[in-house]
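Notes for the one structure printed next.
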Amino acid sequence: MRFPADSELPDPYDGLIPEHEDLKVHACLGLPLFADQNLIGALTVDGMDPHQFDGFSDEELRLIGVLASGALNNALLLEQLEKQTPEGTVQPAIARGVVGEMIGRSAGIIQLKKEIDIVASSDLNVLITGETGVGKELVARAIHAGSARAASPLIYLNCAALPESVAESELFGHVKGAFTGAIHHRTGKFEMADNGTLFLDEIGELPLALQAKLLRVLQYGDIQRVGDDRSQRVDVRVLAATNRDMRQQVLAGEFRADLFHRLSVFPLHVPPLRERGGDIALLAGFFCEQSRVKMGLKQVVLSEAARVQLAQYGWPGNIRELEHAIYRAIVLARAGHPQGELVLLPPALPAFWPGGCCIPRAGNLTSNASFCQPARSDR
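Residues in the sequence shown are numbered from 1 upward in steps of one, following the UniProt record's numbering.
Structure follows, in structure tokens:
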């Protein structure tokens, strides 16, 4: 609702802010916040300028209300789930194993593991956000492993790799003769994931036409194969991941606000590697040990100087880039010293270059007794 600047009516939101019973505002907005058609709150905005909000269209305000509704609803759900998941709750062994693969002691990773433990036992849809290479798929596997659906399949689909012409068939399947080339029935990913979990990676790449059909499945649990007049019920938990700013996509009209709201019932953010401090050394240690076993080497270690350089690098490709950098450095070092202990020194590892480029240099090798602590992977 909008109140004109010259309205003689009192501001209906006066008194809501403690110690400010009479705010002398000249413009105010009130946006109702809904979750599943239930009113859960209101967002109010006041301005001292009578024309403060003239630049906002009704559609833009509606989208702001949808995003605010999702944020408030998520906060309320998280509060409920925390009350339902007491400290010390024992997780299934498989779930503990997958979460254990998420190496790190940084505050961001500890918080992420806590949130995974909370949401895994529920049946909520989850939107996993984070940059490329941070380990979003591992988060999805951990959620599935800790859920009541762990014994059922976890089906993966990369939405970015879907040609629009076959995307609907990939999701929902098709019947024989539905289109040219459909020479037999095909089971879609939703049907494959029945009673289990469907992980939709790069959800921000999903074509708009398919977004409406995906929304219907999330709302009603019905799918319809391409070319089939009948629909069938499926029981599927949906986990989605993206490296995009979904709120910006919603505001730009590139992603449906109602679908975003359905998918992000419980959002999880995976922090980039550059924000994880000491976790870099732990991850590098794991990749050294992993490569040692794979390549049949006696020992692979990182010098202290190499550890410092790894910590100073920005890692735009995150964990995936770190893994490849370690493996490449070991291959180069082994080429110059095929037997015995390999020690990785700074020249073998990525460093800052003008423009933010990472240019690997030739491997270097020396004798060193530094130990590289093994751990587990969180790719």
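In this text, a Cβ means the ideal position worked out from N, Cα and C, and glycines have one as well.
Quick caveat, the model's predicted, so the values are computed rather than measured.
- VAL234 is positioned such that its CB atom lies no closer than 7 angstroms to that of ASP201.
- Ranked by Cα distance from PHE287, the first of LEU302, GLY173, GLU323 is GLU323.
- The alpha carbon of GLU59 has as its nearest neighbour, out of GLY277, ARG262, LEU349, ARG256, the alpha carbon of ARG256.
- In the three-state DSSP reduction, GLN219 falls in the helix class (H, G or I).
- With respect to LEU154, LYS189 sits apart: the two C-beta atoms are not nearer than 7 angstroms.
- Distance from the CA of GLU321 to the CA of LEU206, rounded to the nearest whole angstrom, comes to 26 angstroms.
- VAL300 sits close to ILE330, with the two beta carbons spaced by under 7 angstroms.
- Around the C-beta of ASP49, fewer than 16 other C-beta atoms lie within 10 Å, and the residue is accordingly described as exposed.
- Here PHE260 is buried: its Cβ has 16 or more other Cβ atoms, across all protein chains shown, within 10 Å.
- Take the alpha-carbon of ALA68 and the one of ALA311: they are about 37 angstroms apart.
- Counting other Cβ atoms within 10 Å of its Cβ, LYS298 stays below 16 and is therefore classed as exposed.
- Under the three-pair Cβ rule at 8 angstroms, the region 225-244 counts as touching the region 163-176.
- By the Cβ-count criterion, GLY55 is exposed, with fewer than 16 other Cβ atoms from all chains shown falling within 10 Å of its own Cβ.
- Its chain contains ASN243, PRO272, ASN318 as the residues whose beta carbon lies nearer than 7 angstroms to that of GLU131, once the 5 sequence neighbours on both sides are disregarded; these appear in chain order.
- Boundaries for ASP194: no beta strand (DSSP E) harbours it, and the DSSP string shows neither H nor E there.
- Spanning the alpha carbons of VAL236 and LEU218 requires a straight line of approximately 9 angstroms.
- VAL45 and LEU29 do touch by the CB rule: their CB atoms are close to 5 angstroms apart, below 8 angstroms.
- Each of GLU137, SER291, ALA333, ARG149 was checked against the Cα of GLY196, and the nearest Cα belongs to ARG149.
- Here DSSP, grouped into helix, strand and coil, assigns ASP235 to coil.
- Counting only runs of 4+ residues, the alpha helix (DSSP H) found wholly inside the region 276-322 occupies 279-295, 304-312, in chain order.
- Between the alpha carbons of SER57 and VAL308 lies a distance of about 51 angstroms.
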